[in-house]
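Q: First, the structure itself, so that you have it in front of you.
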Amino acid sequence: MRRALAAGALVALTFAGCSLGDGDGSEEEAAETTRRVETTRVEVVENLGEDGSFDPAQIYERLSPGVVTVISQFPGGGSLLDDDGEGGLGSGFVIDDEGRIATNAHVVTTGDGDRIRRAEQVYVEFGDGNRVPAEIVGHDPNSDVALLEVDPGGLSLTPLRLGSSRGLTVGAPVAAIGSPFGERRSLSIGVISAVDRDIRSLTDFSIGNAIQTDAAINQGNSGGPLLNAEGDVIGINAQIRTASGGGEGVGFAIPADVVRRSLGELREKGRVDYGFLGVTTQALYPQLAEHLDVATRDGALVVEVVDGAPADDAGIEPGDGRTSFQGQDEIPRGGDVIVAVDGTALRGQDNLADLISLHGPGDEVELEVVRGDDRRTVTVELGRRPRRTAE
Numbered sequence: 014m015r016r017a018l019a020a021g022a023l024v025a026l027t028f029a030g031c032s033l034g035d036g037d038g039s040e041e042e043a044a045e046t047t048r049r050v051e052t053t054r055v056e057v058v059e060n061l062g063e064d065g066s067f068d069p070a071q072i073y074e075r076l077s078p079g080v081v082t083v084i085s086q087f088p089g090g091g092s093l094l095d096d097d098g099e100g101g102l103g104s105g106f107v108i109d110d111e112g113r114i115a116t117n118a119h120v121v122t123t124g125d126g127d128r129i130r131r132a133e134q135v136y137v138e139f140g141d142g143n144r145v146p147a148e149i150v151g152h153d154p155n156s157d158v159a160l161l162e163v164d165p166g167g168l169s170l171t172p173l174r175l176g177s178s179r180g181l182t183v184g185a186p187v188a189a190i191g192s193p194f195g196e197r198r199s200l201s202i203g204v205i206s207a208v209d210r211d212i213r214s215l216t217d218f219s220i221g222n223a224i225q226t227d228a229a230i231n232q233g234n235s236g237g238p239l240l241n242a243e244g245d246v247i248g249i250n251a252q253i254r255t256a257s258g259g260g261e262g263v264g265f266a267i268p269a270d271v272v273r274r275s276l277g278e279l280r281e282k283g284r285v286d287y288g289f290l291g292v293t294t295q296a297l298y299p300q301l302a303e304h305l306d307v308a309t310r311d312g313a314l315v316v317e318v319v320d321g322a323p324a325d326d327a328g329i330e331p332g333d334g335r336t337s338f339q340g341q342d343e344i345p346r347g348g349d350v351i352v353a354v355d356g357t358a359l360r361g362q363d364n365l366a367d368l369i370s371l372h373g374p375g376d377e378v379e380l381e382v383v384r385g386d387d388r389r390t391v392t393v394e395l396g397r398r399p400r401r402t403a404e
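So the sequence shown is residues 14 to 404, counted in this note's numbering.
Right, dumping it as structure tokens:
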């Protein structure tokens, strides 16, 4: 199985000119036309799903005007990217009345790690036919989020409300709106299939707490919203897992809480900085804990510590011994298990990465660490996360 980014490749682009109407060319009419074009119409959507019902038709009717198609052109003049399905054409959604639009970073960039390049030109196409140039305010390769901005003058904007990805229920109905295979503003519906998934980013670090859905997510859906019954955006559709290249009922969305943090920092400074602890871990579970004779049932077992990283400076260590258990070889024995971050208990190694990613460089975190029967609290000042891990 392979996991593909869900942006679509755009085969051809045609940019049509815009006509303001038939006039006699008088100065009075020109002035009136200018005033009309500069006016922004903002549609505020409320009261969806208040009775607990899920009404896809109403969600689409009222919210699809806020979903846009994002068209990217890259160096060399083409809009095609790599064969793995990155970029070219994707989706996005309006987030405020000032013309800001959220999408995926991979829709408006190419490459990964230190090789990321932004598109030379980006256009946003609205449901009413308007197609306007957009500026990339910033992109966040760690969370695969980008913030675009267009001149709102003359546009009709329907901002979508960014909700929360906390407390999501498996089985809850969801709707996805986007441009799969270039088919503008298409609706698909389904349920939340799972939560707390890990998906790849444009760096060596995973995106945690991702939402899995069986709503159809295909190439071109990237950057579009995943909506709950109330019409809140609970995630940005980003990836599909596929063996054939198409959507097979396993799509993934970046959770809204991750998106919110990313958009806020992109708006403020054009980039997002993440804290770095510098450990590789594996999940501890009760049977493995008993085998290792560790006084905790859950947590992140430290497998490796990066030399000179904050964890190394704080004295976090993997075990020197090695053991095999339940088909796993080379499990460290005698080292540290991180069981909590700032008082929040860990469910496993992925939860550790998610909690650290909420912090920036220079932040101090308190780690609760268990080694054998001993338990201690360690204060660590986080470093800056690199785009690539050391080889």
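C-beta: ideal position from N, C-alpha, C; glycine also. Bear in mind that the values here come from a model prediction, so they are computed numbers and not experimental data.
Could you tell me how far apart the beta carbons of residue 113 and residue 123 are, in whole angstroms, since I believe they sit closer than 8 Å?
A: About 23 Å separates the two Cβ atoms, so there is no contact after all.
Q: Classify residue 180: buried if its beta carbon has 16 or more other beta carbons within 10 angstroms, exposed otherwise.
A: By the neighbour-count rule (16 or more Cβ atoms within 10 Å), residue 180 is not buried but exposed.
Q: Can you check which of these residues, 211, 269, 82, is closest to residue 177 by C-alpha distance?
A: Residue 269 is the option with its Cα nearest to residue 177.
Q: Give the secondary structure of residue 265 by DSSP, where H, G and I count as helix, E and B as strand, and everything else as coil.
A: Three-state DSSP puts residue 265 in a strand.
Q: Buried or exposed: which applies to residue 218, given that a residue is buried once 16 or more other Cβ atoms fall within 10 Å of its Cβ?
A: By the neighbour-count rule (16 or more Cβ atoms within 10 Å), residue 218 is buried.
Q: Note down, one range per segment and in chain order, each alpha helix (DSSP H) of at least 4 residues found wholly within the region 218-291.
A: Here the runs fully enclosed are 269-282.
Q: Is DSSP giving residue 152 helix, strand or coil here?
A: Here residue 152 sits in strand by DSSP.
Q: Rounded to whole angstroms, what is the Cα-Cα separation between residue 95 and residue 306?
A: Its pLDDT being 43, under 50, residue 95 is placed unreliably in this model, and the coordinates cannot settle the point.
Q: With distances taken from CA atoms, which of 253, 346, 325 is nearest residue 212?
A: Of the listed residues, the one whose Cα sits closest to residue 212 is 253.
Q: Spatial neighbours of residue 44 within its chain, please: C-beta separation below 7 Å, excluding the five flanking residues on both sides.
A: Note that residue 44 scores 39 on pLDDT, short of 50, meaning its location in the model is unreliable; the coordinates nonetheless yield the value given after this. Excluding positions up to five away in sequence, the list is empty.
Q: Measuring only the C-alpha atoms, how far is residue 355 from residue 209?
A: Approximately 20 Å between the Cα atoms of the pair.
Q: Tell me which same chain residues have a C-beta within less than 6 Å of the C-beta of residue 148, skipping the five on either side of it?
A: Once the five neighbours on either side are set aside, the close Cβ partners of residue 148 are 162.
Q: Who does residue 406 pair with in a DSSP beta bridge?
A: In the structure displayed, the chain extends from 14 to 404; residue 406 sits before or after that span and is not available.
Q: Counting beta carbon pairs with one atom in the region 301-319 and one in the region 379-388, are three or more of them shorter than 8 Å?
A: The region 379-388 is in contact with the region 301-319.
Q: Which residue wins for smallest C-alpha separation from residue 108, given the options 283, 159, 172?
A: It is 172.
Q: Which residue spans inside the region 350-396 form an unbroken beta strand (DSSP E) run of at least 3?
A: You should have 350-354, 377-384, 387-394.
Q: In this structure, how does DSSP classify residue 194 when only helix, strand and coil are distinguished?
A: Of the three classes helix, strand and coil, the one that applies to residue 194 here is helix, per DSSP.
Q: Which residues does DSSP list as the beta-bridge partners of residue 106?
A: According to DSSP, residue 106 bridges with 80, 115.
Q: I'd like the span of the beta strand (DSSP E) that includes residue 341, first residue to last.
A: Here the beta strand (DSSP E) through residue 341 covers 341-346.
Q: Just mark residue 194 as buried or exposed, buried being the case when its beta carbon has 16 or more other beta carbons within 10 Å.
A: The residue is exposed, with fewer than 16 neighbouring Cβ atoms inside 10 Å.
Q: Run the CB neighbour count on residue 183, radius 10 Å, all protein chains shown included, and call it buried at 16 or more, exposed below.
A: Exposed: under 16 other Cβ atoms inside 10 Å.
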